[in-house]
Structures are given as C-alpha cells and as structure tokens.
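Asks: Would you mind keeping the following structure in view while I ask a few things?
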Amino acid sequence: MYGLEYDLDLYNIVAVDDFNMGAMEKRASMCSTPLACSPIPISPRNGFSARRGGRGPRILSQLLGNRVTCRDWFQLSLKEGFTVFRDSEFSADMNSRGVKRVEDALFLRTHQFAEDAGPLAHPVRPDAFVDISNFYTLTVYEKGAEVVRMLHTLLGAKAFHAGTTLYFERFDGQAVTCDDFVDCLAEASGRDLTQFRRWYEQRARPR
C-alpha cells in the first residue's frame, strides 16, 4: 500500500460487546465489536466484505493518518479523507470496482450533497469551529475522499502514487497540512494544482 508495510510481527483485534465506538486504530491493535471477527455473516449488508471493510480502514488510518498526522484540527480531512479514499480503493480491489463506485456515488449524492446544499455547508478544510465534534462530517470524510479521488483521476495513477510516495518519504513522523499533501502531488507530477486547492477552501462546489 503506497510502499508502506506493517512493521510489527503481530496485529491484534480486540472484539468487545457493546463497544461504544465503531473502531479505534492503534499501532498494534484494533478495538471493535464482535462483528469484526464473526465467521458468519450477520446480514447481507454485514457479510465478509463489510467486515473486511471494517478492519481495513483501521490499519489504513494508522499508516495514512498517524505516521504522517495533521498539524491541527483544520487539516482533519488530510487524514480522514485520504483514509476513506484508500479504503474505497481497497474494497474495490477486493470485490467489484464498478459496484463499489456506484455504492459510494449513491451515498455521496443521497447524504453529502444534502449537507453541501444546506445551512451547515462548509469547506473540506474548515477555517473555524465552535465545537470540534462539528468537524466529524460527511464533507470532511466523504467529500474529502472524493477530492483525493479527483487528484488521482486528474494526475493518473502513476503520478499520484509518485506524489504519495514523496509525501510519505518527506513527512514520515511529522505533522503536516493539506497543502503539504497537494504540494507533493504537484511536485511529483509537474502539474500546477493552484486552482485545485479551491476544493479544500470553498464550501459546496467551487465556482
């Protein structure tokens, strides 16, 4: 995954009844519900692909968001948007890419578009907040993932991966910004991404 490998010998999953969070990413362990370990699909929606999709983001988040982390809360989509995008790509690789893309697009149009069109619309990278819990939104997560996907599409897979490789090599163990991420993609691809940054700065769709 982007040249990154899990660097310990053992990875632990702790399944706890009535766990009050969906999952939590630690370097050597993940806390979740028994669904994560169940050998039997609980429902068609909570089958093997759903469980694999529940474990994947925790490892991805540790690598993509903790090894290179956010300088401040305003950069939250740097971690979460990138993780959601990479998790979507992981699920597409392991299952049906076409089906996964349709599912993601339907979710985005049904839920996040409504947020963009309503009174709570805000940029992928907000510039102010009253309560930090307000940052955990579909815009920061899902739209943030689509902004990363647009960069992947605009630059092409080869240039995008060259940019992310540069990003991890340059900033491993540091706290950075969305601009640092875009700068690495621009440098590796030789493309001017100045206008693209508006996707991070403006609420709704850039005009």
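In terms of my numbering, the sequence shown opens at residue -9 and continues consecutively.
Using N, Cα and C, we set each Cβ at its ideal position, and we do this for glycine too.
1. Is it a yes or a no for the stretch 133 to 142 touching the stretch 59 to 77, going by three-plus beta-carbon pairs under 8 Å?
2. If we call anything under 8 Å between Cβ atoms a contact, is ARG193 one with LEU145?
3. Based on the DSSP secondary-structure assignment, which residues constitute the bridge partners of THR59?
4. How close, in whole Å, do the beta carbons of VAL114 and GLY71 come, if the pair is a contact with beta carbons under 8 Å?
5. What residue range is occupied by the uninterrupted alpha helix (DSSP H) comprising TYR190?
6. GLY146 by DSSP, collapsed to three states: which one?
7. Note down, in chain order, each residue of its chain lying with its Cβ closer than 7 Å to the Cβ of LEU98, except the 5 sequence neighbours on either side.
8. Would you call the stretch 153 to 165 in contact with the stretch 58 to 66, where contact means no fewer than 3 C-beta pairs closer than 8 Å?
9. In chain order, what residues of the same chain lie with their CB nearer than 6 Å to the CB of ILE32, ignoring the 5 residues before and after it?
10. Under the rule that 16 or more other beta-carbon atoms within 10 Å means buried, what is GLN185, buried or exposed?
11. Short of 7 Å in beta carbon distance, which residues of its chain neighbour LEU183, apart from the five on each side in sequence? Order them along the chain.
12. Assign GLY153 to one of two classes, buried (16 or more other C-beta atoms within 10 Å of its C-beta) or exposed (fewer than that).
13. Is it right to say THR143 is buried, meaning 16 or more other beta carbons lie within 10 angstroms of its own, or is it exposed?
14. Helix, strand or coil: how does DSSP classify GLU70 here?
15. Checking 8 Å against the spacing of the C-beta atoms, do HIS101 and LEU128 come in under that value?
16. Is the beta carbon of PHE125 less than 8 Å from the beta carbon of TRP189?
Replies: Let's see:
1. Touching, yes.
2. Working through the sequence shown from its first residue, we reach residue 193 at position 203. Working through the sequence shown from its first residue, we reach residue 145 at position 155. No Cβ-Cβ contact shorter than 8 Å links ARG193 with LEU145.
3. If you number the sequence shown from 1, residue 59 lands on position 69. DSSP, once it has assigned bridges, lists ALA165 as partnering THR59.
4. Position 124 of the sequence shown holds residue 114. Position 81 of the sequence shown holds residue 71. About 7 Å; that satisfies the 8 Å criterion.
5. In the sequence shown, counting from the first residue as 1, residue 190 sits at position 200. Boundaries of the alpha helix (DSSP H) around TYR190: 188 to 191.
6. Start at 1 with the first residue of the sequence shown, and residue 146 comes out as number 156. Coil, per DSSP.
7. For the purposes of this step, residue 98 is taken as residue 108 along the sequence shown, with counting starting at 1. The answer, listed in chain order, is GLU132, GLU136.
8. Taking 8 Å as the limit for Cβ pairs, the verdict is that the stretch 58 to 66 does touch the stretch 153 to 165.
9. On the sequence shown, position 42 is the one that residue 32 refers to. Note that ILE32 has pLDDT 47, beneath the 50 cutoff, so the model's placement of it is unreliable and no number is given.
10. For the purposes of this step, residue 185 is identified with residue 195 of the sequence shown, where counting begins at 1. Here GLN185 is exposed: its Cβ has fewer than 16 other Cβ atoms, across all protein chains shown, within 10 Å.
11. Here residue 183 refers to the residue found at position 193 when the sequence shown is read from its first residue. Excluding five sequence positions before and after LEU183, the CB atoms of its chain that fall closer than 7 Å to its own CB belong to VAL172, LEU175, ALA176, given in chain order.
12. Position 163 of the sequence shown, counting from 1, holds the residue named residue 153. By the Cβ-count criterion, GLY153 is buried, with 16 or more other Cβ atoms from all chains shown falling within 10 Å of its own Cβ.
13. Along the sequence shown, one-based indexing puts residue 143 at 153. Exposed, since its Cβ has fewer than 16 Cβ neighbours within 10 Å.
14. Counted from its first residue, the sequence shown places residue 70 at position 80. Helix, per DSSP.
15. Translated into the one-based positions of the sequence shown, residue 101 becomes position 111. Translated into the one-based positions of the sequence shown, residue 128 becomes position 138. For the 8 Å CB-CB criterion, HIS101 and LEU128 form a contact.
16. Here residue 125 refers to the residue found at position 135 of the sequence shown. Here residue 189 refers to the residue found at position 199 of the sequence shown. No.
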